[in-house]
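**Q** With the sequence shown counted from 1, adding 358 to any position gets you our numbering.
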Amino acid sequence: KKTEKFRHPDKGLENIAEQQNNSEQQEKLNKIISSCMQKLKPEQAFILELQFFQKKSYKEIAEILETSESAVDSKLVRAKRKLRKIVSSELSKLSDDYKNELFW
Numbered sequence: 359k360k361t362e363k364f365r366h367p368d369k370g371l372e373n374i375a376e377q378q379n380n381s382e383q384q385e386k387l388n389k390i391i392s393s394c395m396q397k398l399k400p401e402q403a404f405i406l407e408l409q410f411f412q413k414k415s416y417k418e419i420a421e422i423l424e425t426s427e428s429a430v431d432s433k434l435v436r437a438k439r440k441l442r443k444i445v446s447s448e449l450s451k452l453s454d455d456y457k458n459e460l461f462w
């Protein structure tokens, strides 16, 4: 396997370029999602922040919000649904070229 790297030195460069591209795409997408999260109700944005960015469990979120895990589940379902709707609306406003740049 070690000799394989030397036979195809370009492969490493292709992977680096692809990772860079993915990183740039992810950064653009994160900006869009962050902007969309600001349009949520504060509690919805907070609960999504806790789950996705702080990686909190339902139990931890329930403790922070002083509520039950089933209430957390309901709140997360509603927040995700609302965020999905906002993101979809925002993406529909983007040009097709920009969408292709983001996703392909």
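Every residue gets a Cβ at the ideal spot worked out from N, C-alpha and C, and that includes glycine.
When the Cα atoms are used, what is the spatial distance from V445 to A437?
**A** Taking the sequence shown and counting its residues from 1, the one referred to as residue 445 is at position 87. Taking the sequence shown and counting its residues from 1, the one referred to as residue 437 is at position 79. Between V445 and A437, the C-alpha separation is close to 12 Å.
**Q** Does the Cβ of T425 lie closer than 8 Å to at least one heavy atom of the ligand FAD?
**A** No copy of the ligand FAD appears in this structure; indeed no ligand is present at all.
**Q** Just mark L441 as buried or exposed, buried being the case when its beta carbon has 16 or more other beta carbons within 10 Å.
**A** As a first step, residue 441 must be located in the sequence shown, where it is residue number 83. Its Cβ being crowded by 16 or more others within 10 Å, L441 is buried.
**Q** Near V409, which residues of its chain fall below 7 Å by C-beta distance, leaving aside the five closest residues on each side in sequence?
**A** For the purposes of this step, residue 409 is identified with residue 51 of the sequence shown, where counting begins at 1. Here the sequence assigns Gln to residue 409, which means Val is not the residue at that position. Within the same chain, Q409 has close Cβ partners I419, L434.
**Q** Would you call F364 buried or exposed, if buried means 16 or more other Cβ atoms sit within 10 Å of its Cβ?
**A** For this step, residue 364 is matched to residue 6 along the sequence shown. In this predicted model, F364 has a pLDDT of only 45, less than 50, meaning its place in the structure is not dependable; the value taken from the coordinates is given anyway. F364 is exposed by the Cβ-count criterion.
**Q** Do K417 and E427 come within 9 Å of each other at the CB atom, strictly closer than that value?
**A** Sequence index remark: in the sequence shown, residue 427 carries index 69 (1-based). Sequence index remark: in the sequence shown, residue 417 carries index 59 (1-based). Yes.
**Q** Within 10 angstroms of its Cβ, does Q412 collect 16 or more other Cβ (buried), or is it exposed?
**A** The count along the sequence shown starts at 1 and reaches residue 412 at position 54. That one is exposed.
**Q** If you draw a straight line from the alpha carbon of L398 to that of S447, how long is it in whole angstroms?
**A** For this step, residue 398 is matched to residue 40 along the sequence shown. For this step, residue 447 is matched to residue 89 along the sequence shown. Roughly 13 Å separates the two Cα atoms.
**Q** Smallest Cα separation from E423: which of K443, Q396, E401?
**A** Locating residue 423 in the sequence shown gives position 65, where the first residue counts as 1. Inspection of the sequence shows that residue 423 is occupied by Leu rather than by Glu. Comparing Cα positions, the closest option is E401.
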